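Heads up: the sequence shown is residues -20 to -1, 1 to 235, going by mature numbering (1 follows the signal peptide of the UniProt record, and there is no 0). Here a beta-carbon is modelled for each residue, glycine too, at the ideal position from N, C-alpha and C. What you are looking at is a predicted structure, and each value in this text was computed from that prediction instead of being measured.
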Amino acid sequence: MKRNFVLIVFIIHYNYCINADSTSANRTLAPYNAIVGYASNNVEAYSNGNDSFISDEYSYLYGVFMGIKWQCVEYARRWLFQRKGCSFASVEGAADMWTQLDEVQRVEDKRCFPLRKYPNGSPSRPANESLLIYNRSATSMPYGHVAVIVDVLSDVIRVAEENWDFYYWMGNYSREIPYELISGGYFIRDNYPIIGWMSIIDVQNQTKPLDQMSIGNILKLNGSSPDFVCEKSNAHQHKGLFILSYLCISLVFNL
């Protein structure tokens, strides 16, 4: 199905994604700003109204920036914040999360937690509470898409998301997506290209849903733009590796 898009260019480049075709039938469309459903007990998802609309409104929760209402990256960040107490730095588009994010940061104390990336077709089964990343599609998803895996069944995953379609959810998830094991690799099958999924490495179970104490501590920070020390640390590590590599090459070739 062909679609016509109105491309709106912003000076800033926060967190865009455009929805793909809806496969929903006999469901009720939700107007912009309406809550379409809840996932993981308390994370509400909102309707973006239609697929060509990009709001000039920003979303904040407890004074912390979540993104542009109601784009897919906004939901992913808000889900991560409410369920894990973490957030991540700005990205150019949902697809760029795969290449631009290596860690998430706990808002309360700025502790960094690494992300493990599983390309579609990985030998590891899709994991609950992972971020599912879609690649760009020139006509339908120029920024890609991100959804949160909220349940994994024997042959389908269930995801929660914003700006995929604009219908009220039938349950505590947006839709089901099939996956299958082929030649030792797990493939999530959709009509649009999936890069893979990303999971937080948290072996000691230290990322937890927000509670009243953590919310109080976050409110005391009184800052809507957390300083993402994880990203800075990552940049320093990459710079250090580059310098080390250059020194090794210099020694070998007497540069």
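Own chain, CB closer than 6 angstroms to residue i, minus 5 neighbours either side, in chain order
| i | result |
| --- | --- |
| Ser117 | Tyr172 |
| Ala74 | Cys(-4), Cys52, Val53, Tyr123, Gly124, His125, Val126 |
| Pro189 | Arg63 |
Environment of residue i [buried if 16+ CB atoms lie within 10 Å]
| i | result |
| --- | --- |
| Ser154 | buried |
| Met150 | exposed |
| Gly164 | exposed |
| Tyr38 | exposed |
| Gly196 | exposed |
| Thr3 | Because the pLDDT of Thr3 is 44, which lies under 50, any placement of that residue in the model is unreliable, and the number read from its coordinates should be weighed accordingly. Looking at its Cβ environment, which holds fewer than 16 other Cβ atoms inside 10 Å, Thr3 is exposed. |
| Ile162 | exposed |
| Asp36 | exposed |
| Val209 | exposed |
| Glu160 | exposed |
| Asp207 | exposed |
| Val183 | exposed |
| Asp31 | buried |
| residue 237 | Within the shown structure, residues of the chain are numbered from -20 to 235, placing residue 237 beyond reach of any answer. |
| Leu60 | buried |
| Val139 | buried |
| Asn100 | buried |
| Met193 | exposed |
Cβ pair residue i, residue j closer than 8 angstroms
| i | j | result |
| --- | --- | --- |
| Ile157 | Asp170 | yes |
| Ser174 | Ile180 | The amino acid at residue 174 is misidentified as Ser; the sequence shows Ile. No; because the gap between Cβ atoms is not below 8 angstroms, this pair is not in contact. |
| Ser67 | Val44 | yes |
| Trp78 | Ile113 | yes |
| Thr187 | Lys64 | yes |
| Asn22 | Gln80 | no |
| Ser104 | Tyr166 | yes |
| Leu111 | Met178 | yes |
| Glu109 | Leu95 | no |
C-beta neighbour in chain C for residue i, strict 8 angstroms
| i | result |
| --- | --- |
| Pro158 | Protein chain content of the structure displayed is limited to a single chain, and chain C is not contained in it. |
Inter-residue CB distance, residue i and residue j (contact presumed, cutoff 8 angstroms)
| i | j | result |
| --- | --- | --- |
| Val16 | Tyr98 | Val16 to Tyr98, Cβ: 28 angstroms. No contact. |
| Asn152 | Tyr42 | At roughly 23 angstroms, the Cβ-Cβ gap does not stay under 8 angstroms, so Asn152 and Tyr42 are not in contact. |
Own chain, CB closer than 7 angstroms to residue i, minus 5 neighbours either side, in chain order
| i | result |
| --- | --- |
| Met142 | The residue you asked about is not Met; residue 142 is Glu in the sequence shown. If we look at Glu142 and ignore the five residues flanking it on each side, its Cβ neighbours are Ala25, Tyr26, Asn28, Trp50, Gln51, Cys52, Glu54, Tyr55. |
Original post:
Three or more C-beta pairs closer than 8 angstroms, one from the stretch 52 to 65 and one from the stretch 19 to 27: is that the case here?
Top reply: Output reads yes: the stretch 19 to 27 touches the stretch 52 to 65.
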